[in-house]
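Asker:
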Amino acid sequence: MVEDSVLDRAYAALADPTRRRLLETLRSGDARITDLAAPLPMTFAGVSRHIGVLESAGLVRREVRGREHWLSLQPDGLSEARQWMDEQTLFWTARADALSERLRKRAASDER
1 MVEDSVLDRA YAALADPTRR RLLETLRSGD ARITDLAAPL PMTFAGVSRH
51 IGVLESAGLV RREVRGREHW LSLQPDGLSE ARQWMDEQTL FWTARADALS
101 ERLRKRAASD ER
């Protein structure tokens with residue numbers, strides 16, 4: 001079972017469109033924080049707060065290279081959230097299949 005606080009941080013981080021945009025940008029590769037912040041319609045401090053949330057959730061990693069701060073995606077950052085989602089998918093798929101089978105049997109018995 002996945003720890004609730006890990007899930008809470010991951011899904012809270014993903015709940016914001018600015019943070020999702022930052023993650024999408026990082027799919028292209030590592031980026032300087034100043035370059036990530038430039039196209040966003042907010043202050044650098046605002047972007048920095050969003051990055052802090054992503055770091056806290058384990059979705060990105062900050063590396064200091066000289067005087068510049070770089071961000072990169074964490075490859076396993078969403079693994080626990082994905083595991084939880086997979087567990088939920090299995091559970092609800094089984095429930096839906098069972099309901100479908102009951103309804104099929106009921107319809108078959110009603111036809112008799």
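Positions 1 to 112 (full-length UniProt numbering) are the ones given, in order, by the sequence shown. Glycine included, every Cβ here is placed at the ideal spot set by N, Cα and C.
(1) Short check: CB of R20 to CB of W70, under 8 Å?
(2) Can you tell me whether DSSP reads A31 as helix, strand or coil?
(3) From the DSSP output, in three-state form, read off E101 for me.
(4) Across which residues does DSSP place L73 in a beta bridge pair?
(5) In angstroms with no decimal places, state the Cα-to-Cα distance between F44 and T18.
(6) Does DSSP put E55 in a helix, in a strand, or in coil?
(7) Below 8 Å on the Cβ atoms is my contact criterion, and I expect I51 with V60 to pass it. Report the Cβ-Cβ distance as a whole number of Å.
Answerer: The short version:
(1) Here the question's residue 20 lines up with position 20 in the sequence shown. Here the question's residue 70 lines up with position 70 in the sequence shown. Not closer than 8 Å, so no.
(2) Here residue 31 is taken as the residue at index 31 of the sequence shown, counted from 1. Residue state, collapsed to three classes: strand.
(3) For this step, residue 101 is matched to residue 101 along the sequence shown. If DSSP states are grouped into helix, strand and coil, E101 belongs with the helices.
(4) Within the sequence shown, the letter at position 73 stands for residue 73. In DSSP, L73 forms a bridge with V60.
(5) Counting from one through the sequence shown, the residue named residue 44 turns up at place 44. Counting from one through the sequence shown, the residue named residue 18 turns up at place 18. Whole-angstrom Cα-Cα distance: 13 Å.
(6) Here residue 55 refers to the residue found at position 55 when the sequence shown is read from its first residue. E55: helix per DSSP, three-state reduction.
(7) Start at 1 with the first residue of the sequence shown, and residue 51 comes out as number 51. Start at 1 with the first residue of the sequence shown, and residue 60 comes out as number 60. Here I51 really is in contact with V60; their C-beta atoms are around 7 Å apart, less than 8 Å.
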